[in-house]
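Data block below; observations after.
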């Protein structure tokens, strides 16, 4: 894979004992150093115009001033520093790069993966929250739509938390499909099955709120239904908001996805992108166990480098089956 990366993202300093730390990127790079065929690409930071295409001008100005004054706690969980402004623009720019390269035809072993931080999927139009300042995937999606490189973009979010920000930004839009598989009841408490979009966006929001303890088989069943909806939407680009905090050993998750499970999920997503003839790109979101995060991303890379996922012998739970019946009925699948 090609990994978008810049040291600028290390300058976002969240302080001691915060789960979203620069060590996440350092651990990923260290793990990838042991793998074959890894390529790193720097990218230009996002412009303010690209960011304000999805975020309110006043919010963006307030964040720039907040960081220029040294930062601090934007809210109890979301911490900024003097370096957060540049890091946030860099992170959004890396996501733009990933989307652009996917649409330009980079695939297979050159599939792009943006390793930016801060993450983005909780950032709403006028506020930062949940460790996120700019919504990286949303900035990337809006950019390629505005440039005419794509007419329709699908964003699939497999982070354990629901991407409320991405959903909100495109909830009434018919040109962006947002799908999320997440843990029900976890922060930020959004992402119910009946949240399906409004107006021109009716049916373009697709939520699968799995119960605590869901594992590989549950996620793969959830993706089967999601893939059917993505196929019907027929996007030009499939962006994966790739958080790895549903891992069974992640410190802030109660889910049971294995490292190998991420390989299976990656393979399934790749197959869907090929079926609908969409460009495919990955944008880093959460994942807070340094070992599990870095090993999972290395497994995603190896899946594109030719390694076949190991088959799973487990079955989805009856609870997950019932949930997916409800989701399919809601979306007429």
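In the numbering used here, the protein residues as written are 20 to 352.
Glycine included, C-beta positions come from ideal geometry on N, C-alpha and C.
1) Assuming residue 106 and residue 136 form a contact by the criterion Cβ under 8 Å, report the distance between their Cβ atoms to the nearest whole angstrom.
2) Mind checking residue 221: buried by the 16 CB within 10 Å criterion, or exposed?
3) Verify whether the separation of the beta carbon atoms of residue 108 and residue 24 is less than 9 Å.
4) Residues in its own chain within less than 6 Å of residue 132 by CB, not counting five upstream and five downstream?
5) Is the beta carbon of residue 103 closer than 9 Å to that of residue 237?
6) Rounded to the nearest angstrom, what separates residue 316 and residue 288 at their Cα positions?
7) Check each candidate in 63, 79, 28 and 151 and name the one with the smallest Cα separation from residue 112.
8) Between 189, 270 and 241, which has its C-alpha nearest residue 212's C-alpha?
9) State whether the region 78-96 contacts the region 45-64, with contact taken as three or more CB pairs (one from each stretch) at a distance under 8 Å.
10) If you follow the beta strand (DSSP E) that residue 225 is in, where does it begin and where does it stop?
11) So, are the CB atoms of residue 388 and residue 209 less than 9 Å apart?
12) Could you spell out the range, first to last residue, of the beta strand (DSSP E) harbouring residue 23?
13) With respect to the alpha helix (DSSP H) encompassing residue 59, which residues constitute its N-terminal and C-terminal limits?
14) Going by the DSSP bridge assignment, what does residue 316 pair with across the sheet?
15) Buried or exposed: where does residue 330 fall if 16 or more other Cβ atoms within 10 Å of its Cβ makes it buried?
Answer, in terms of the structure:
1) Going by Cβ atoms, the distance from residue 106 to residue 136 rounds to 7 Å, so yes, they are a contact pair.
2) Classification for residue 221: exposed.
3) no
4) 20, 22 and 301
5) no
6) 15 Å
7) 63
8) 241
9) no
10) In the DSSP assignment, residue 225 falls within the unbroken beta strand (DSSP E) covering 224-229.
11) In the structure as shown, the chain begins at 20 and stops at 352. Residue 388 is therefore absent and cannot be evaluated.
12) 21-23
13) Where residue 59 is concerned, there is no enclosing alpha helix (DSSP H), although the beta strand (DSSP E) it sits in stretches over 58-60.
14) Looking at the DSSP assignment, residue 316 forms no beta bridge with any residue, so it has no partner.
15) exposed
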